[in-house]
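Novice: For the sequence shown, the residue numbers in mature numbering (1 follows the signal peptide of the UniProt record, and there is no 0) are -19 to -1, 1 to 414.
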Amino acid sequence: MKRLLLSVVLALVPLAALANDTKGLTIEKSFLQSVHDCVEYLQVPRHRLVQYLAYEFPPDEETKCLIYCVGTDLRWWNNTCGLQVPAIVNFFQPVLGDRQYEKRTSECLERNVLSATTPNNCCKAYETFQCYFREFGNIVTCPQYVPPTKLQATQAALDCLNMLRIPTDLLQCYSKGDLPDVQETRCLYHCFDHRIGLYTFESGVHLSRLYVRDLAFHDLRYLSKETKACRDRVRASGCDVCSEVYNTHHDCLAGIGDDDYTSRIVVEAARIALANLGVCCQEKQVPLPLSAEEVEEVGYSYASYQPSVPKELFPPVLPVPELPVSVVTRTVPVYGHRPSCSSCGSSSKVVVADEVHPTLYRSGSYAMDERPQHAVSSDILLAPSEPSTGTSSYRISKPSKVKSVPAVLSYPDRSSSYPSFRSCKAEHFGFKH
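Shown next as structure tokens:
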């Protein structure tokens, strides 16, 4: 049993959600909802909201401006035209059997609003509301239809033009005030009325909302029996929904209220749509690179204080330079000839002592004891050289006697083992250990 009850509740939830769904830009709001919103807008103390929800509106300045906000929000007050009768009567219900409510309300307005010198719009809106609140009837508690502004209606028409993908040639016709009788135009009427709440699939075209929409005209023919019968006849003809809305406007509503309302809104929306298409299809102009003379100093960066040069949007791609490949050649160093030792089978070169430790003399006119001397081995005898006059060059003198050096045997004549590096060096200098 519990499962069955839960299934029924879940099945009814989507139906209730669809019933309370708001289509497009349709606005429905109650009087108390608007009071709550204006309390938030004007930052009225919260404790006063309880007083207003009990339908108590004292004549203080804060309450008067609150009623002015409510009238502006619900479209029944306008600073230019003042009271909008079709909108305010939508929120009041006359008492059953009372036939004098309209007369009493008119006399109250004449006495307190039209002939009285009220200081500002808050006082005028408050006195107008009090006349309807005391004389016309009771406040309607359920949400009522709020007509869209011109901007909201234009946005709704522009949305329909985009969603229906109206061709450009038709947009151009619409922008000139020409609305041809084609299927696109018929569906545009249906989309527009449906989006601002003037048409529903269940009820067709709402005549009472059309009466509220044309606030400035206050044309009661919208509510006449003839208009209602014409709407029902078109609806029962069996045509599609686009043709139903279009035929109702042209066959039943022609000459009533603001007859050109829909066409004017469509013309304005078509012009905006064409302007948007022009912006979207415009090609971007790529700026050409400036020369050095045309570049101006636009500003300086904070860090480097360098003049900022405008950058190109698409800088040219320069070819990568080809660097020459350097070939490194390696040369083998050339060393001087080194005499081979006798251990390699060649005869050693005997270097005499004067080539290893030469005696250096300097020719000149100074004494013999002042000449530089070099330490020479005791086995080597040095012979003085004759000084030369007039020059200060050096010359090398060889010793007169050199100690005899024994003969060096070649490697094949030796009977001993292979000489070491030490013996080879000794033989190179002529010494034997």
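Note that beta-carbon positions come from the ideal geometry of N, C-alpha and C, so glycine has one too.
Nearest CA to the CA of Ile253: which residue from Asn60, Tyr113, Asp140 and Gln74?
Specialist: Taking the first residue of the sequence shown as 1, we reach residue 253 at position 272. The shortest C-alpha separation from Ile253 is found at Asp140.
Novice: Between the C-alpha atoms of Ala251 and Phe173, what's the straight-line distance to the nearest angstrom?
Specialist: The residue given as residue 251 occupies position 270 in the sequence shown. The residue given as residue 173 occupies position 192 in the sequence shown. Taking the straight line from one Cα to the other gives about 13 angstroms.
Novice: Under 6 angstroms Cβ to Cβ from Arg376, same chain only, skipping five residues before and after it: list those, please.
Specialist: In the sequence shown, residue 376 corresponds to position 395, counting from 1. Model confidence at Arg376 stands at a pLDDT of 48, short of 50, so the residue's coordinates are unreliable; what they give is reported in the following sentence. Counting only Cβ-Cβ distances below 6 angstroms, and skipping sequence neighbours, we find nothing.
Novice: CB Ile74 to CB Asn119, shorter than 7 angstroms?
Specialist: Indexing the sequence shown from 1 puts residue 74 at position 93. Indexing the sequence shown from 1 puts residue 119 at position 138. The displayed chain sequence assigns Gln, not Ile, to residue 74. It is a contact, given that the beta carbons lie within the stated cut-off.
Novice: Select from Gly178, Leu34, Ile69 and Glu42 the residue whose C-alpha is nearest the C-alpha of Ala197.
Specialist: The residue given as residue 197 occupies position 216 in the sequence shown. Nearest of Gly178, Leu34, Ile69 and Glu42 to Ala197, Cα basis: Ile69.
Novice: In whole angstroms, give me the CA-to-CA distance for Gln164 and Thr135.
Specialist: Along the sequence shown, read from residue 1 onward, the residue named residue 164 stands at position 183. Along the sequence shown, read from residue 1 onward, the residue named residue 135 stands at position 154. Rounded to the nearest angstrom, the two C-alpha atoms are 21 angstroms apart.
Novice: Is Tyr257 helix, strand or coil by DSSP?
Specialist: Numbered from 1 along the sequence shown, position 276 holds the residue referred to as residue 257. Reading off the sequence, residue 257 comes out as Asn, not Tyr. DSSP places Asn257 in helix when its eight states are reduced to three.
Novice: Since Thr243 contacts His231 with CB under 8 angstroms, what's their CB separation in whole angstroms?
Specialist: In the sequence shown, counting from the first residue as 1, residue 243 sits at position 262. In the sequence shown, counting from the first residue as 1, residue 231 sits at position 250. The pair is not a contact, with the Cβ atoms about 10 angstroms apart (cut-off 8 angstroms).
Novice: Between which two residues does the alpha helix (DSSP H) carrying Lys209 extend?
Specialist: Sequence index remark: in the sequence shown, residue 209 carries index 228 (1-based). Its alpha helix (DSSP H) spans residues Lys206 to Arg216.
Novice: If the criterion is Cβ atoms closer than 7 angstroms, does the pair Pro124 and Ile177 meet it?
Specialist: For the purposes of this step, residue 124 is taken as the residue at position 143 of the sequence shown. For the purposes of this step, residue 177 is taken as the residue at position 196 of the sequence shown. Going by C-beta atoms, Pro124 is not nearer than 7 angstroms to Ile177.
Novice: Within a Cβ cutoff of 8 angstroms, which residues of the same chain sit near Cys220, ignoring the five residues on either side of it in sequence?
Specialist: As a position in the sequence shown, residue 220 is number 239, starting the count at 1. Excluding residues within five positions, the ones whose Cβ falls inside 8 angstroms are Asn228.
Novice: Starting from the C-beta of Ala138, find all residues in its chain whose C-beta is less than 7 angstroms away, skip the five residues before and the five after it, and write them out in chain order.
Specialist: What you label residue 138 is simply residue 157 of the sequence shown in a count that begins at 1. Within the same chain, Ala138 has close Cβ partners Phe173, Ile246, Val247 and Ala250.
Novice: Tell whether a beta-carbon distance below 7 angstroms holds between residue 454 and Tyr126.
Specialist: Past the edges of the chain, shown from -19 to 414, lies residue 454, and the structure says nothing about it.
Novice: Which partner residues of Gly63 appear in the DSSP bridge assignment?
Specialist: As a first step, residue 63 is located in the sequence shown; it is residue number 82 there, counting from the start. BP columns for Gly63 point to Asn59.
Novice: Let me know the secondary structure DSSP gives Gly118 once reduced to three states.
Specialist: Looking up residue 118 in the sequence shown gives position 137. Of the three classes helix, strand and coil, the one that applies to Gly118 here is coil, per DSSP.
Novice: Report back the beta-carbon spacing between Leu95 and Cys112 to the nearest angstrom; my notes put them in contact at under 8 angstroms.
Specialist: Within the sequence shown, the letter at position 114 stands for residue 95. Within the sequence shown, the letter at position 131 stands for residue 112. Leu95 to Cys112, Cβ: 11 angstroms. No contact.
Novice: Quick one: is Val298 buried, meaning 16 or more other Cβ sit within 10 Å of its Cβ, or exposed?
Specialist: For this step, residue 298 is matched to residue 317 along the sequence shown. Exposed, by the Cβ-count rule.
Novice: Figure out for me which residue from Tyr49, Leu204 and Ile147 has the closest Cα to the Cα of Asn101.
Specialist: Translated into the one-based positions of the sequence shown, residue 101 becomes position 120. The shortest Cα separation from Asn101 among Tyr49, Leu204 and Ile147 belongs to Tyr49.
Novice: Using DSSP's beta-bridge definition, name the partner residues of Thr181.
Specialist: As a working mapping, residue 181 is identified with position 200 in the sequence shown. For Thr181, which the question treats as bridged, DSSP gives the partners Gly185.
Novice: For a quick check, are the C-beta atoms of Arg167 and Cys233 less than 7 angstroms apart?
Specialist: Translated into the one-based positions of the sequence shown, residue 167 becomes position 186. Translated into the one-based positions of the sequence shown, residue 233 becomes position 252. In this structure, Cys233 does not lie closer than 7 angstroms to Arg167 by Cβ.
Novice: Taking its Cβ as the centre, do 16 or more other Cβ atoms sit within 10 Å of Phe182, making it buried, or is it exposed?
Specialist: For this step, residue 182 is matched to residue 201 along the sequence shown. Exposed, since its Cβ has fewer than 16 Cβ neighbours within 10 Å.
Novice: Does the beta-carbon of Leu160 have 16 or more other beta-carbons within 10 angstroms, so that it is buried, or is it exposed?
Specialist: Taking the sequence shown and counting its residues from 1, one reaches residue 160 at position 179. That one is buried.
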